[in-house]
Amino acid sequence: MNHFQSLKTLSYVNIRRILRIWIQTIIPPAITTALYFLIFGELIGKRIGEMPGYEGLTYLEFMVPGLIMLSVITNSYANVASAFFGSKFQKAIEEILISPMPNWAIMFGFIIGGITRGILVGIVVVLVSLLFTSFQINNIALTLFSILITSTLFSILGLINGIYAKTFDDISIIPTFVLTPLIYLGGIFYSIEILSAEWQLISQINPILYIVNFFRYAMLGTSEIDPLLGFTLICVFTVGFFMLAYYLLLKGIGVKE
């Protein structure tokens, strides 16, 4: 069996799913981003003016990388978690597992769907951002790489969530009670330099902070945290969680019970 042909087919199914329900997958992030800019940018941002610690950078410009990462993270995660659990719920995953298709191809088939949605939503958020402020991308290659590897990481995490989920409610528990708080406390709307020493220490434990700042450095050329830490953290997490997801799929945990 041509494994790459099977990978192409599974990837196509997941990408087609995104495009078929584009009103649910692409439009909501655009509306949400516009609301963030209207509320935080236009109303609050004008009072803040230039961001403390970011010379020459307005609050609106500071928000742009964070909002892009917010959309990329949540959408790539949600896409794979719902797609994989949907396959389990419909018993389609059983047919995939008994086929000659290797586990790595099954994983990549779902992960590519998450990456695609993350990139598409990221592009939409950039276009919406241009309606409210102007910015110049510092390093296009590094910016694209950051979006790609971040969407890959959270697609893998979504896959793990989908593997363990037993009901539809289970795929919303982690995003609601873990992922969302970490994202909003990850330096999207504020600089940790304005926080007290205690809250700075708490923020520095949050891995999302390093991911957002790595992307902010790639996009705007400035960051309050060493971007190398963010790059290292993303790479280590991506490899580590990929191996974990592969192990779970290999052992049939959550899919053969």
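Under the numbering used here, read the sequence shown as residues 45 to 301, first letter to last. In this text, a Cβ means the ideal position worked out from N, Cα and C, and glycines have one as well.
- With a beta-carbon spacing of about 6 Å, residue 147 and residue 290 fall inside the 8 Å limit used to define contacts.
- Residue 237 has its alpha-carbon roughly 22 Å from the corresponding atom of residue 87.
- Counting the other Cβ atoms within 10 Å of the Cβ of residue 102 gives 16 or more, which makes it buried.
- DSSP, read as helix, strand or coil, puts residue 86 in helix.
- A Cβ-Cβ separation of about 16 Å leaves residue 215 out of contact with residue 297 under the 8 Å criterion.
- Under the criterion of beta carbons closer than 8 Å, residue 225 and residue 118 do not qualify as touching, at roughly 12 Å.
- In this model, residue 52 and residue 242 are separated by some 49 Å (Cα to Cα).
- Taking 8 Å as the upper bound for CB-CB distance, residue 113 and residue 194 are in contact here, some 7 Å apart.
- Assigned with DSSP and collapsed to three states, residue 196 falls in helix.
- Under the DSSP assignment, residue 257 falls in the alpha helix (DSSP H) whose first and last residues are 251-264.
- By the CB criterion at 8 Å, residue 116 and residue 154 fall outside the cutoff.
- DSSP, reduced to helix, strand and coil, places residue 242 within a helical segment of the structure shown.
- For residue 214, the enclosing alpha helix (DSSP H) starts and ends at 214-218.
- DSSP places residue 58 inside the alpha helix (DSSP H), whose first and last residues are 47-64.
- Residue 118 carries a helical assignment under DSSP once its states are collapsed to helix, strand and coil.
- Residue 56 counts as exposed, since fewer than 16 other beta carbons sit within 10 angstroms of its beta carbon.
- Residue 198 is not a Cβ neighbour of residue 108, given a cutoff of 8 Å.
- Relative to the Cα of residue 166, the nearest Cα in the group 111, 204, 140 and 287 belongs to 111.
- For residue 291, the enclosing alpha helix (DSSP H) stretches over residues 271-295.
- Residue 284 sits away from residue 257, with the two beta carbons spaced by 8 Å or more.
- Between residue 205 and residue 229, the C-beta gap is not smaller than 8 Å, which leaves the two residues out of contact.
- Going by DSSP, residue 178 is part of no alpha helix (DSSP H) at all; its letter is neither H nor E.
- Beta-bridge annotation (DSSP): residue 94 is paired with 102.
- Excluding sequence positions up to five before and after residue 85, its CB lies within less than 8 Å of the CB of 103, 104, 107, 176 and 177, all in the same chain and listed in chain order.
- By alpha-carbon distance to residue 134, the top candidate from 173, 211 and 62 is 211.
- In the structure shown, residue 299 falls within a coil segment according to DSSP collapsed to helix, strand and coil.
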